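From first to last, the protein sequence lines are chains X and H.
In terms of the numbering used here, the first sequence is residues 63 to 383.
In terms of the numbering used here, the second sequence is residues 63 to 383.
Heads up, the beta-carbon is just placed ideally off N, CA and C, and yes, glycines get one too.
Keep in mind it's a predicted model, so treat the numbers as computed, not measured.
Presented below is the structure to which this report refers.
Protein chains: 2
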Amino acid sequence: MRTHLITGGAGFIGSNLARSLCAAGEAVLLVDDLSNGRMEHVADLTASGAALFRRADCSDAAALLAAIEQAGVGPIDEVWHLAANSDIAAGVSDFNVDVRRTYLTTVATLDVMRRIGVGVIRFASTSAVYGDLGDVAITEESGPLEPVSAYGAAKLASEALIRSCCESFVRRADIYRFPNVVGAPATHGVLLDFVRKLKATPENLSVLGNGGQQKPYLHVAELIEAMQFIAAQAAAPYLVVNIGPPDDGVTVRAIAEMVRDAVSPAAAITYGQGARGWVGDVPRFRYSGERLRALGWPGAGGSEAAVRRALGEIIVQEQAA
Amino acid sequence: MRTHLITGGAGFIGSNLARSLCAAGEAVLLVDDLSNGRMEHVADLTASGAALFRRADCSDAAALLAAIEQAGVGPIDEVWHLAANSDIAAGVSDFNVDVRRTYLTTVATLDVMRRIGVGVIRFASTSAVYGDLGDVAITEESGPLEPVSAYGAAKLASEALIRSCCESFVRRADIYRFPNVVGAPATHGVLLDFVRKLKATPENLSVLGNGGQQKPYLHVAELIEAMQFIAAQAAAPYLVVNIGPPDDGVTVRAIAEMVRDAVSPAAAITYGQGARGWVGDVPRFRYSGERLRALGWPGAGGSEAAVRRALGEIIVQEQAA
């Protein structure tokens, strides 16, 4: 049994990861400031004693350290650093949001790891570090890295700091560059957005951008599986992996139609102008997927299946809300 | 006449840039926290009224904004953002030094630019963003970017944030990736280090690493010339340029011998172990130089000439000290 710290542990991906680690019998400490995460996402795990939870701002090293010490879980074997501003569009109006919540959480997490002697970090990064490379099949070596959102910039900044720490106290760092990830408990994203819009105005769904944006999607269950698969490999001290489905993705138009058909079949869909949904959006990207295949991951079911599965879950989630 | 703000304006490169801009009749405001820079580096410019100086911590947006407002220079046309921790090795023991002094100075500078409506930034970046790519001829598109020092990580983080701001209020950003830069007033670096060591112990010069490190050098006068040359081009809104000499550099061994011959010819030189001088050192890198040539810069005199010229200046500087 190993002991894991998950920063952002009450969030969308953190809570799913926690559930998976607990199911495998691992000891899990969750830290989250609950700005985006919710206690109810992990209530089952904390109630059963499978996981411990401490509320703290992970951009504050002293607060994070105190939370860990007060939890009394003993030595931590590895850190899954997921705490971040998950609302990319929010960083557009003020980049300080991502500087603090996406980058300074990484600084503080590494600072605490160094102080308490933890040498393993698994980091939730993103395709947004690449910026808009157009129709290139992106590999982990692709350049230049020109993020077009403060979120992507702060994730790239985090990767860079983690990399430099591999010269000193970090002995294993996994950098998982996520695609779009869907599933429940959804806290943000295009599916939740569309479902809520159609509940508010069942006769119309208005879409940001012209609907032509095409991106690869993973279901969160597939993502967790991939991360744990990679984490279990004997690998380089610093390993960057693009995690994605085995396809080039689905369009926003296809997603809009899928949500309409499921939630409000008679609704009209109206599209905006331009290829980008918002400032900082990357209208199209695709991963080569070569490294992930080379590592031997059996692969995911595909973007459309992931979106369809998540849509069903989100509809249930919103009915319960 | 345009008005320029130089952050880190009393530092090694900042003071040289200021002198050049003032000589061209431009209005110049220097801001520096004097942690590494010195008033005496710019005393001639401030005494003559050619430049204004304000002391402020450039990682504090409110302090930087107040410094600018109190200077009363009117609208600023462009910002040369040079404020950073120039002592790379210092960031090794504590990465927070570079987080604050190299990265958060960029955050605050951009924040102030956005607030007062400045859309042009020229940024002092570094070869350290590439990390250790070995013997590759590095282009601006080279990847992966894996900095091995907190300094390189913080510079890459800064580049990323600047890039993302090009989607909103920044309309022109130049990213100058410096090689090793030498000249006076030297505040750090291998030449100053060797000269001072030989003054302290004239019979022996002890070198960190095996002396095989080989890097390209520019004289600061050449660097300033290149930056201003690039700045004057009609270019892309976001332009990254590797600035270097037209050669593959000189070795630390050659530099050690040059300094010994000039300062204390009878001294013995002793070398350490290993290719790296210190944690975070990149023992060897070289630029392809293609983009700089394509922009039409006539080029520099070469690494050896740059080191020789700087050595003479530093010897004079240290005699006066």
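Given residue i, which residues of its chain have a CB within under 6 Å of its CB, disregarding the five upstream and five downstream residues?
| i | result |
| --- | --- |
| H/Asn-78 | Val-282, Ile-286 |
| X/Ala-112 | Cys-84 |
| X/Gly-214 | Ala-190, Val-191 |
| X/Phe-291 | Trp-359 |
| X/Ser-82 | Ile-286 |
| H/Ser-326 | Leu-260, Pro-264 |
| H/Ile-138 | Thr-65, Leu-67, Val-180 |
| H/Lys-277 | Asn-242, Gly-311 |
| H/Pro-345 | Gln-275, Ala-337, Arg-338 |
| H/Gly-45 | Because chain H spans 63 through 383 in this model, residue 45 of chain H falls outside it and cannot be assessed. |
Below 8 Å on C-beta distance, what does residue i contact in chain H?
| i | result |
| --- | --- |
| X/Glu-203 | Gly-205, Pro-206 |
| X/Gly-342 | Ser-226, Glu-229 |
Should residue i be flagged as near chain X, meaning a C-beta pair shorter than 8 Å?
| i | result |
| --- | --- |
| H/Asn-158 | yes |
| H/Tyr-300 | yes |
| H/Ser-211 | yes |
| H/Gly-271 | no |
| H/Ala-219 | yes |
| H/Asp-173 | yes |
DSSP state of residue i, grouped into three classes?
| i | result |
| --- | --- |
| H/Glu-208 | strand |
| X/Ile-305 | coil |
| H/Gly-291 | The residue asked about is misnamed: residue 291 of chain H is Phe in this sequence, not Gly. Note: H/Phe-291 maps to helix in three-state DSSP. |
| H/Gln-276 | strand |
| H/Phe-115 | strand |
| H/Gly-134 | coil |
| X/Ala-89 | strand |
| H/Ala-298 | coil |
| H/His-281 | strand |
| H/Gly-214 | helix |
| X/Leu-270 | coil |
Between residue i and the rest of its own chain, which residues show a CB-CB distance below 7 Å, the 5 nearest in sequence each way excluded?
| i | result |
| --- | --- |
| H/Gln-379 | Ala-246, Pro-247, Ala-248 |
| X/Phe-157 | Ala-212 |
| X/Val-135 | Thr-65, Ala-89, Leu-91, Leu-114 |
| X/Ala-293 | Arg-184, Asp-236 |
| X/Asp-95 | Arg-117, Ala-118, Asp-119, Cys-120 |
Listing by chain order, which chain H residues have their CB less than 7 Å from the CB of residue i?
| i | result |
| --- | --- |
| X/Ala-215 | Ala-222, Leu-223, Arg-225, Ser-226 |
| X/Val-161 | Val-169 |
Given residue i, which residues of its chain have a CB within under 8 Å of its CB, disregarding the five upstream and five downstream residues?
| i | result |
| --- | --- |
| H/Thr-188 | Tyr-213, Gly-214, Lys-217, Arg-239, Phe-240 |
| H/Ala-80 | Ile-68, Gly-71, Val-90, Leu-92, Val-104, Leu-107, Ala-113 |
| X/Glu-221 | Phe-185, Ser-187, Val-191, Ile-237, Val-302 |
| X/Pro-209 | Ala-190, Val-191, Tyr-192, Gly-193, Ala-215, Lys-217, Leu-218 |
| X/Gly-207 | Correcting the residue type first, residue 207 of chain X is Leu in the shown sequence and not Gly. Closer than 8 Å at the Cβ level, and outside the excluded window around X/Leu-207, lie Val-191, Tyr-192, Gly-193, Leu-218. |
When you compare the CB of residue i with every CB in chain H, is at least one pair closer than 8 Å?
| i | result |
| --- | --- |
| X/Tyr-165 | yes |
| X/Ala-199 | no |
| X/Val-169 | yes |
| X/Asp-255 | no |
Taking 7 Å as the cut-off, does the CB of residue i come closer than this to any heavy atom belonging to the ligand SAH?
| i | result |
| --- | --- |
| X/Phe-74 | Inclusion of the ligand SAH in the displayed structure is not the case, the ligand content being empty and no account of it being possible. |
Would you say residue i faces chain A, with C-beta separation under 8 Å as the test?
| i | result |
| --- | --- |
| X/Ala-219 | Reference to chain A is not applicable here, since the protein chains of this structure are X and H. |
Quiz item: Can we say the stretch 349-360 of chain H touches the stretch 302-317 of chain H, given the rule of at least three CB pairs closer than 8 Å?
Solution: yes
Practice problem: Flag this pair as touching only if the stretch 140-150 of chain H and the stretch 193-204 of chain H have three or more C-beta atom pairs under 8 Å; answer yes or no. | Solution: no
Exercise. Could you tell me whether the stretch 319-334 of chain X touches the stretch 260-273 of chain X, using the rule of 3 or more Cβ pairs below 8 Å?
Key: yes
Quiz prompt | the stretch 167-187 of chain H / the stretch 225-236 of chain H touching (three or more Cβ pairs under 8 Å) | solution = yes
Quiz prompt | Sufficient close CB pairs (3 or more, under 8 Å) joining the stretch 120-128 of chain H to the stretch 161-179 of chain H | solution = yes
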